[in-house]
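Trainee:
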Amino acid sequence: MNERLETKFLGFKLASPLVLPAGVMGMSFSGLKISADLGAGMVTSKSLTLQPRTGHKGPVIAEFEGGILNSMGLCNPGIKDGLAEIDEFKEGSDTPVIVSVFATSSRDFIALTEEVNSSSADLLELNLSCPNVYDEFGIPLSASKDQVYEIVSSVKDISQKPVIAKLSPNVLNPAEIALAAEAGGADALCLINTVGPGMLIDTLMVKPILFNKFGGLSGPCLKPVALKLVYQAYSVVNIPIIGMGGISTGNDVVEMLMAGADIVGIGTAVYSRGIEVFSKINAELLQFMDENGYKSVITLPKLEKLDV
Amino acid sequence: MNERLETKFLGFKLASPLVLPAGVMGMSFSGLKISADLGAGMVTSKSLTLQPRTGHKGPVIAEFEGGILNSMGLCNPGIKDGLAEIDEFKEGSDTPVIVSVFATSSRDFIALTEEVNSSSADLLELNLSCPNVYDEFGIPLSASKDQVYEIVSSVKDISQKPVIAKLSPNVLNPAEIALAAEAGGADALCLINTVGPGMLIDTLMVKPILFNKFGGLSGPCLKPVALKLVYQAYSVVNIPIIGMGGISTGNDVVEMLMAGADIVGIGTAVYSRGIEVFSKINAELLQFMDENGYKSVITLPKLEKLDV
Amino acid sequence: MKNRSTLRIAEIRKENFDINTYRFNFDLKAKPGQFIMLSDLRGGEKPFSISDCTEDHFCITVKRVGEFTKRLFSCSPGDLLSIRGPYGSSFFISAGKVLLVGGGYGTPPLYFLAKHLLKNGAEVHVVNGARKAEELVFCEKFQKLGINYENTSECGRLKNSGTSIDLVEQAFRNNSYDFIYAAGPEMMMKNLQDKLGKLPYEFLLERYMKCGVGLCGNCTVDPLGIRLCVEGPVLSKALVEQLTEFGNYHREASGKRIYFMKTDKGKK
Amino acid sequence: MKNRSTLRIAEIRKENFDINTYRFNFDLKAKPGQFIMLSDLRGGEKPFSISDCTEDHFCITVKRVGEFTKRLFSCSPGDLLSIRGPYGSSFFISAGKVLLVGGGYGTPPLYFLAKHLLKNGAEVHVVNGARKAEELVFCEKFQKLGINYENTSECGRLKNSGTSIDLVEQAFRNNSYDFIYAAGPEMMMKNLQDKLGKLPYEFLLERYMKCGVGLCGNCTVDPLGIRLCVEGPVLSKALVEQLTEFGNYHREASGKRIYFMKTDKGKK
Ligand SMILES: Cc1cc2nc3c(=O)[nH]c(=O)nc-3n(C[C@H](O)[C@H](O)[C@H](O)COP(=O)(O)OP(=O)(O)OC[C@H]3O[C@@H](n4cnc5c(N)ncnc54)[C@H](O)[C@@H]3O)c2cc1C
Ligand SMILES: Cc1cc2nc3c(=O)[nH]c(=O)nc-3n(C[C@H](O)[C@H](O)[C@H](O)COP(=O)(O)OP(=O)(O)OC[C@H]3O[C@@H](n4cnc5c(N)ncnc54)[C@H](O)[C@@H]3O)c2cc1C
Ligand SMILES: Cc1cc2nc3c(=O)[nH]c(=O)nc-3n(C[C@H](O)[C@H](O)[C@H](O)COP(=O)(O)O)c2cc1C
Ligand SMILES: Cc1cc2nc3c(=O)[nH]c(=O)nc-3n(C[C@H](O)[C@H](O)[C@H](O)COP(=O)(O)O)c2cc1C
Ligand code: FES
Ligand code: FES
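If you read the protein sequences in the order shown, they are chains A, B, C and D.
When we follow numbering that gives the first Met the number 0, the leftmost residue of the first sequence carries the number 0, and every step to the right adds one.
When we follow numbering that gives the first Met the number 0, the leftmost residue of the second sequence carries the number 0, and every step to the right adds one.
When we follow numbering that gives the first Met the number 0, the leftmost residue of the third sequence carries the number 0, and every step to the right adds one.
When we follow numbering that gives the first Met the number 0, the leftmost residue of the fourth sequence carries the number 0, and every step to the right adds one.
(1) Using a Cβ-Cβ distance cut-off of 9 Å, determine whether C/Cys215 contacts chain B.
(2) What number of angstroms, rounded off, separates the C-alpha of C/Phe25 from the C-alpha of C/Cys228?
(3) Pull every residue with its beta-carbon under 6 Å away from any heavy atom of ligand 6, and keep them in chain order.
(4) Report, in whole angstroms, the separation of the C-beta atoms of D/Glu133 and D/Asn19, which I expect to be a contact under 8 Å.
(5) Going by the CB atoms, is the gap between B/Ala110 and B/Ala120 shorter than 9 Å?
(6) With a threshold of 9 Å between beta carbons, is B/Phe277 in contact with chain C?
(7) Note down, in chain order, each residue of its chain lying with its Cβ closer than 6 Å to the Cβ of A/Ala317, except the 5 sequence neighbours on either side.
(8) Jot down the residue ranges of each uninterrupted alpha helix (DSSP H) in the region 37-92 of chain D, minimum 4 residues, whole runs only, in chain order.
(9) In this structure, does DSSP put C/Cys218 in helix, strand or coil?
(10) Excluding the 5 residues flanking A/Ala268 on each side, which residues of the same chain have their C-beta closer than 6 Å to its C-beta?
(11) Below 7 Å on C-beta distance, what does C/Ala252 contact in chain B?
(12) Buried or exposed for A/Ser104, please, with buried defined as at least 16 other CB atoms from any protein chain shown within 10 angstroms of its CB.
(13) Just how far apart, CA to CA, sit B/Leu123 and B/Val235?
(14) Measuring alpha carbon to alpha carbon, tell me which residue in C/Phe202, C/Val212, C/Gly216 is nearest C/Val239.
(15) What does DSSP give as the partner residues of C/Val126 in its beta bridges?
(16) DSSP puts C/Tyr180 in a beta bridge; with which residues?
(17) Roughly how many angstroms separate the alpha carbons of A/Ser118 and A/Leu166, rounded to a whole number?
(18) Measuring only from the beta carbon, is A/Val154 closer than 8 Å to any heavy atom that is part of ligand 3?
(19) From which residue to which residue does the alpha helix (DSSP H) around B/Glu114 run?
(20) Beta carbon of A/Thr48: closer than 8 Å to some heavy atom of ligand 1?
(21) Taking all protein chains shown into account, do 16 or more other C-beta atoms lie within 10 angstroms of the C-beta of B/Glu290, making it buried, or fewer, making it exposed?
(22) Between D/Val64 and ligand 2, is the CB less than 8 Å from at least one heavy atom?
(23) Can you name the residues of chain C whose CB is closer than 7 Å to the CB of B/Asp251?
(24) Exposed or buried, what is C/Arg156 when buried is set at 16 or more other beta-carbons lying within 10 Å of its beta-carbon?
(25) Any heavy atom of ligand 4 closer than 8 Å to the CB of B/Lys165?
(26) Quick check: is any heavy atom of ligand 4 less than 8 Å from the C-beta of B/Thr112?
(27) Check distances from the C-beta atoms of the region 198-222 of chain D to those of chain A and list, in chain order, the residues that come in under 8 Å.
(28) Could you tell me the distance, in whole angstroms, from the CA atom of D/Val136 to the CA atom of D/Leu117?
(29) Assuming B/Gly54 contacts B/Gly81 (C-beta within less than 8 Å), just tell me the rounded distance between them.
(30) Please confirm if A/Thr193 has its CB atom under 9 Å from at least one CB of chain D.
(31) Kindly indicate which residue of B/Ala232, B/Lys79, B/Thr202, B/Glu114 has the alpha-carbon position closest to the one of B/Glu164.
(32) Below 9 Å between beta carbons: does that hold for A/Glu114 and A/Leu31?
(33) Could you check whether C/His124 and C/Tyr176 sit closer than 9 Å to each other, using their CB atoms as the reference points?
(34) Compare the C-beta of D/Lys267 against all C-beta atoms of chain A and say whether one is closer than 9 Å.
(35) If you measure beta-carbon to beta-carbon, which residues of the region 73-106 of chain D are closer than 9 Å to chain A?
(36) As a quick exercise: from D/Lys69, D/Gly128, D/Ala113, pick the residue whose alpha carbon is nearest that of D/Thr162.
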């Protein structure tokens with residue numbers, strides 16, 4: 000890869016600022032490997048839970064103008080088998096890998112962290128933002144700054160890997176939540192997870208298209224929301240940020256970097272532009288730098304921070 | 000217009016279930032008139048405030064895949080001049096008209112209601128959801144069920160017109176807020192207002208595109224979020240709903256009606272499909288009814304309510 | 000709006016002490032009469048008519064009137080500006096004998112029109128007005144088109160004559176036209192309208208524009224409710240004649256009506 | 000996925016006691032080897048290969064195996080189903096002498112392939128296998144194509160012979176082929192692979208599919224990481240040979256690996 004694309008994240012050297020985010024192509028070592036081989040600078044596993052989960056019944060995905068809805072339902076082989084895939088990945092690659100884990104209590108997050116400690120994972124990501132754990136009135140786990148603080152700090156106490164907190168866009172006080180994660184000791188933030196959730200209806204069958212009725216939005220429609228939330232977080236915290244949400248082109252990546260992200264996740268664009276999306280965007284980044292006189296991605300300027 | 004499109008809303012007879020929502024084409028009597036003439040069954044004024052407002056500096060609008068961002072900033076000629084336009088509209092039309100009003104306190108909402116009482120407006124809509132009044136940590140007025148209850152009930156005490164509460168999608172507990180508006184005495188709900196807000200960046204100038212930095216999302220990207228929130232509200236309240244958000248085609252309107260809306264707002268599609276969008280969609284609705292054996296819009300089925 | 004581009008100013012040409020022409024090397028694919036929304040992303044995005052457009056470049060010609068246009072006057076070639084468009088309706092391209100009546104910064108878009116009319120075989124006469132002779136713009140450019148010199152040279156005579164309406168009356172005495180085009184201060188067009196009788200015409204109108212794409216409704220004209228940013232800014236006789244607000248009032252940024260002063264012939 | 004459609008079942012044809020063909024009158028524009036994701040929106044969306052496709056209609060041929068396919072068997076013509084696709088890679092259309100090896104519900108997509116091969120001038124031989132003769136499907140349809148009768152008639156002889164691999168060996172003794180195509184139980188293809196030596200081939204593989212569009216990663220095959228829903232389900236020899244998981248394991252809905260039993264030749 001081109002050294003002008005190189006960057007650093009929490010001490011890890013990345014060949015590109017592009018990251019494969021949790022839930023996309025991350026079920027198997029080979030899915031991670033092809034993403035890294037094709038140009039992702041870092042890869043993330045599917046969010047792993049203590050027990051295997053088969054996820055929701057299909058349809059689990061539905062497209063609309065501007066993106067997709069998904070209600071995968073956190074299907075994953077469980078932490079044990081999931082980490083075995085990570086170990087197999089690390090045998091054949093030196094691309095840094097994030098293991099994403101999901102739970103609904105500090106206790107389970109701690110149990111997951113212990114497993115990750117004894118694996119070859121490079122970083123640990125806490126998925127605090129899955130839209131499938133809303134209570135009946137729709138409150139996500141990461142909507143409470145106290146809960147976020149508590150989970151992050153108890154994981155930090157024992158984690159041997161750097162800890163990334165993945166936050167939800169669907170909260171009232173995103174800046175406060177970002178500050179709570181930082182205060183809890185998070186080494187970095189990852190935002191945003193899917194927006195909504197939303198629903199689509201089949202008008203002939205008079206039924207929701209997703210069997211789970213609701214699913215999180217991802218894809219181009221998210222970009223403005225993601226840019227705003229990353230920018231807002233960047234303005235208040237002093238830890239690095241993985242920015243994602245609707246990023247599909249080199250110019251999108253530059254927007255995300257300017258909004259304050261250190262590195263950038265590419266999820267749904269793996270569908271819309273193919274798995275070669277990483278190499279395509281790397282090329283577009285180089286072209287942008289050539290056209291605008293930037294030497295390397297790390298020299299790209301950022302917006303002035305928001306006054307807060 | 001075709002009688003198969005006729006419907007009723009709070010006792011008013013509408014020639015079509017399509018509504019021109021607040022903020023689109025609603026600055027002048029003639030903007031309302033052309034919308035009604037071209038097929039809207041009901042029209043809404045721009046949100047009026049006690050004093051005139053020139054709004055934010057431009058750019059106030061920016062496009063992205065799936066929709067637009069706007070940061071108009073509630074520009075309006077003020078309640079007095081705004082109601083004069085309504086009176087002029089009613090002189091030449093019997094299409095029902097909603098006057099939307101915006102304030103940040105019950106006291107101001109009451110003052111606005113008094114003005115509307117003595118106008119020819121048919122209905123009063125309380126805009127409780129403008130994304131421009133977030134405090135520094137981003138809490139919209141309508142995020143608090145207590146505030147929503149208080150404002151709606153104090154307006155209801157004096158309003159001589161039916162009262163519609165327009166709600167925000169950017170809250171944690173949309174079902175609770177809908178219930179609070181109903182408990183406060185709202186005669187109907189209108190949802191959703193714009194999502195986000197979001198941001199877009201000009202990567203050459205390294206600046207946010209909107210001068211106000213942030214703007215609310217509207218257009219096709221909203222549809223799944225709007226359908227979900229309307230469906231959720233429909234499942235818990237017993238008052239009628241004006242559903243809107245990203246609706247651009249006849250099939251979208253059918254989705255929105257099936258999700259639980261009684262009538263449907265068409266905003267951003269006025270840009271993407273032209274002001275003739277109302278007549279286009281009316282034709283598409285008739286075609287849908289023909290193809291699927293429905294006699295009239297009021298006979299279209301609804302989804303089964305959510306278990307709550 | 001899909002067409003928002005960030006472009007570098009290729010050249011700035013001083014037309015007079017408070018009118019500049021900005022050239023951008025970009026294939027805008029605009030038609031005469033259309034406009035762009037221009038911004039420096041420092042507060043303000045404003046409509047400007049296209050005063051020339053080829054496959055290589057396009058121009059706008061800007062009068063310094065307030066905060067935004069003042070900042071434009073402190074720009075240099077190479078500076079970046081945000082441009083969206085082209086927006087709006089365009090002039091009918093006639094093939095007959097036509098008269099173009101421009102006032103102030105309304106004249107430059109007529110230059111772009113004149114080029115298209117000539118290409119279509121029309122015989123083009125131009126009346127170019129301004130309050131003072133030194134405010135006149137585009138005189139030489141019109142003359143270089145090789146069109147009716149008598150008329151464009153009227154520029155010079157303005158010092159003596161009263162208004163461009165006087166020049167129009169004179170042109171009418173010597174010619175019979177198939178089509179009239181006008182752009183400039185609204186009261187100038189209002190006065191012109193009175194002289195046109197049954198002649199077909201198109202006027203380029205201006206209203207306060209915010210979105211530029213037909214959503215906000217700020218630029219609608221009464222009682223038709225058509226939007227000058229989409230169905231305008233060029234309106235035909237049939238529409239102009241129905242406008243009760245034409246020459247009467249317009250709406251400012253808040254949507255409040257502002258009435259034209261009956262004596263105010265220079266400002267819209 | 001842009002192509003999600005809600006279609007009425009036009010016809011249901013019983014192929015044997017637990018295989019049905021469903022016809023939809025819709026121009027799917029599919030190529031042989033491609034599949035659709037099918038759902039009744041009552042829980043479950045499943046991949047099915049296209050067994051025929053013209054401008055007027057397309058068919059899928061479904062074996063009743065579990066909850067979802069059971070519900071499909073209680074559908075009637077006129078019922079609505081949600082369909083997205085066509086998805087995935089398609090077979091190379093050869094012009095030489097080719098052998099098609101199908102097992103179980105793997106045979107129907109080869110019928111769609113055979114039609115395209117014939118149109119392209121290929122000489123098509125078919126071996127159609129199943130555990131029991133009464134389970135064989137599409138025998139008559141293949142015969143009606145007027146292709147090598149000897150081979151399709153092997154259907155009947157299965158009662159006597161052992162496996163379709165025996166029939167393949169027999170075909171190889173009497174013919175030399177340019178290209179081999181196979182679809183069916185994975186262990187059948189694994190066994191077939193051992194017989195193919197240097198012959199070029201393509202196999203239609205199956206893995207658990209959820210999104211169908213290359214996002215979830217459930218259908219990737221090791222160690223290449225290619226997705227059977229996008230880069231597959233049809234894979235060429237060059238790729239199949241690199242797959243360490245081929246004939247070895249697959250992943251269930253949770254992503255957990257499930258190892259094929261070495262004796263299990265009928266199930267994948
Ligand atoms: C279709 C159209 C074409 C135009 N073409 C040209 C042109 O080719 N050259 C040129 O110099 N000017 C043109 N104008 C006018 C130009 O937009 C204004 O002069 C400019 O916006 C002034 O901005 P400012 O901040 O410098 O002045 P301000 O102090 O903000 O305003 C001065 C005056 O400019 C007008 N104005 C301000 N903002 C707007 C706005 N958003 N939309 C419309 N009018 C506004 C108002 O009449 C105002 O009184 C055009 C306007 C329209 C509607
Ligand atoms: C590319 C491809 C093409 C296929 N073509 C056909 C075909 O033409 N005709 C046909 O009858 N079947 C076909 N299948 C298999 C078909 O998808 C399964 O038989 C069906 O999903 C079973 O669903 P069920 O609920 O009835 O059974 P279940 O009880 O859910 O499962 C029975 C078995 O079916 C398989 N299966 C279940 N769900 C899936 C899934 N989402 N993706 C893949 N396999 C699954 C598993 O092996 C499982 O053990 C194809 C599969 C793939 C991947
Ligand atoms: C199919 C799918 C599955 C996902 N699964 C997970 C997950 O398991 N854990 C998680 O933290 N995020 C998950 N996400 C969210 C993505 O990681 C990402 O935050 C989001 O999709 C926004 O980025 P994008 O628009 O580039 O896709 C998933 C997204 C998709 C589309
Ligand atoms: C330019 C613009 C201005 C708007 N102004 C208002 C407003 O003043 N008051 C209000 O309640 N909603 C306002 N809205 C929100 C719309 O009424 C509507 O709720 C939203 O745009 C979603 O519908 P759509 O996707 O069909 O546009 C505005 C939307 C747009 C695009
Ligand atoms: S400027 Fe907004 S409608 Fe014309
Ligand atoms: S089924 Fe999701 S990647 Fe293939």
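The beta-carbon is built from N, C-alpha and C at its ideal position, and this holds for glycine as well.
Mentor: Taking the coordinates as given:
(1) The residue given as residue 215 of chain C occupies position 216 in the third sequence. Taking Cβ atoms only, chain B reaches closer than 9 Å to C/Cys215, which makes this a yes.
(2) Here residue 25 of chain C refers to the residue found at position 26 when the third sequence is read from its first residue. Here residue 228 of chain C refers to the residue found at position 229 when the third sequence is read from its first residue. Looking at the two C-alpha atoms, the distance is approximately 22 Å.
(3) D/Met208, D/Lys209, D/Cys210, D/Gly211, D/Gly213, D/Leu214, D/Cys215, D/Gly216, D/Asn217, D/Cys218, D/Arg226, D/Cys228
(4) In the fourth sequence, residue 133 of chain D corresponds to position 134, counting from 1. In the fourth sequence, residue 19 of chain D corresponds to position 20, counting from 1. Going by Cβ atoms, the distance from D/Glu133 to D/Asn19 rounds to 15 Å, so no, they are not a contact pair.
(5) For this step, residue 120 of chain B is matched to residue 121 along the second sequence. For this step, residue 110 of chain B is matched to residue 111 along the second sequence. Taking 9 Å as the Cβ cut-off, B/Ala120 and B/Ala110 do not qualify as a contacting pair.
(6) Taking the first residue of the second sequence as 1, we reach residue 277 of chain B at position 278. Output row for B/Phe277: interface = no.
(7) Any answer about residue 317 of chain A is impossible in this case: the structure gives chain A only from 0 up to 307.
(8) 66-72
(9) Position 219 of the third sequence holds residue 218 of chain C. Reduced to three states, the DSSP call for C/Cys218 is coil.
(10) On the first sequence, residue 268 of chain A is found 269 positions in, with the first residue counted as 1. The answer, listed in chain order, is Ser247, Val276.
(11) What you label residue 252 of chain C is simply residue 253 of the third sequence in a count that begins at 1. Under the 7 Å cutoff, chain B gives Thr53, Gly54, Cys74.
(12) As a first step, residue 104 of chain A must be located in the first sequence, where it is residue number 105. Exposed is the call here.
(13) Along the second sequence, one-based indexing puts residue 123 of chain B at 124. Along the second sequence, one-based indexing puts residue 235 of chain B at 236. So the two alpha carbons sit approximately 23 Å from each other.
(14) Working through the third sequence from its first residue, we reach residue 239 of chain C at position 240. Out of C/Phe202, C/Val212, C/Gly216, C/Phe202 has the C-alpha closest to the C-alpha of C/Val239.
(15) Here the question's residue 126 of chain C lines up with position 127 in the third sequence. According to DSSP, which records beta bridges pairwise, C/Val126 is partnered with C/Val100.
(16) What you label residue 180 of chain C is simply residue 181 of the third sequence in a count that begins at 1. C/Tyr180 is bridged to C/Leu99, C/Glu201.
(17) For the purposes of this step, residue 118 of chain A is identified with residue 119 of the first sequence, where counting begins at 1. For the purposes of this step, residue 166 of chain A is identified with residue 167 of the first sequence, where counting begins at 1. So the alpha carbons of these two residues sit roughly 24 Å apart.
(18) Taking the first residue of the first sequence as position 1, residue 154 of chain A is located at position 155. Answer for A/Val154: no, Cβ out of range of ligand 3.
(19) Counting from one through the second sequence, the residue named residue 114 of chain B turns up at place 115. Run containing B/Glu114: 105-116, per the alpha helix (DSSP H) assignment.
(20) Locating residue 48 of chain A in the first sequence gives position 49, counting from the first residue. Flag unset: Cβ of A/Thr48 not near ligand 1.
(21) Counting from one through the second sequence, the residue named residue 290 of chain B turns up at place 291. Under this definition B/Glu290 is an exposed residue.
(22) Here the question's residue 64 of chain D lines up with position 65 in the fourth sequence. Indeed, a heavy atom of ligand 2 lies less than 8 Å from the Cβ.
(23) On the second sequence, position 252 is the one that residue 251 of chain B refers to. Under the 7 Å cutoff, chain C gives no residues; its nearest Cβ is about 18 Å from B/Asp251.
(24) One-based indexing of the third sequence puts residue 156 of chain C at position 157. At C/Arg156, the pLDDT of 48 sits below 50, so the modelled position is not reliable and the matter cannot be decided from this model.
(25) Counted from its first residue, the second sequence places residue 165 of chain B at position 166. It does: the Cβ of B/Lys165 is within 8 Å (strictly closer) of some heavy atom of ligand 4.
(26) Taking the first residue of the second sequence as position 1, residue 112 of chain B is located at position 113. No, since every heavy atom of ligand 4 falls outside the 8 Å radius drawn around the Cβ of B/Thr112.
(27) Lys209, Cys210, Gly211, Val212, Gly213, Leu214, Cys215, Gly216, Asn217, Thr219, Val220, Asp221, Pro222
(28) Indexing the fourth sequence from 1 puts residue 136 of chain D at position 137. Indexing the fourth sequence from 1 puts residue 117 of chain D at position 118. Going from the Cα of D/Val136 to the Cα of D/Leu117 covers about 20 Å.
(29) Here the question's residue 54 of chain B lines up with position 55 in the second sequence. Here the question's residue 81 of chain B lines up with position 82 in the second sequence. No, B/Gly54 and B/Gly81 are not in contact; Cβ-Cβ is about 14 Å, not under 8 Å.
(30) The count along the first sequence starts at 1 and reaches residue 193 of chain A at position 194. Chain D contact via Cβ: absent.
(31) What you label residue 164 of chain B is simply residue 165 of the second sequence in a count that begins at 1. With the sequence shown as reference, residue 164 of chain B is identified as Ala, and Glu is not the correct amino acid for it. Selected option, being the one with the closest Cα: B/Ala232.
(32) Residue 114 of chain A sits at position 115 when you count from the first residue of the first sequence. Residue 31 of chain A sits at position 32 when you count from the first residue of the first sequence. Cβ atoms of A/Glu114 and A/Leu31: not closer than 9 Å.
(33) Taking the third sequence and counting its residues from 1, one reaches residue 176 of chain C at position 177. Taking the third sequence and counting its residues from 1, one reaches residue 124 of chain C at position 125. Contact flag set, yes.
(34) For the purposes of this step, residue 267 of chain D is taken as the residue at position 268 of the fourth sequence. Since pLDDT at D/Lys267 reaches only 43, below the 50 mark, its modelled position is unreliable, and the value read off the structure follows with that caveat. With 9 Å as the cut-off, D/Lys267 does not count as an interface residue toward chain A.
(35) Leu79, Leu80, Ser81, Arg83
(36) Within the fourth sequence, numbered from 1, the residue matching residue 162 of chain D stands at position 163. When only C-alpha atoms are compared, the closest one is D/Gly128.
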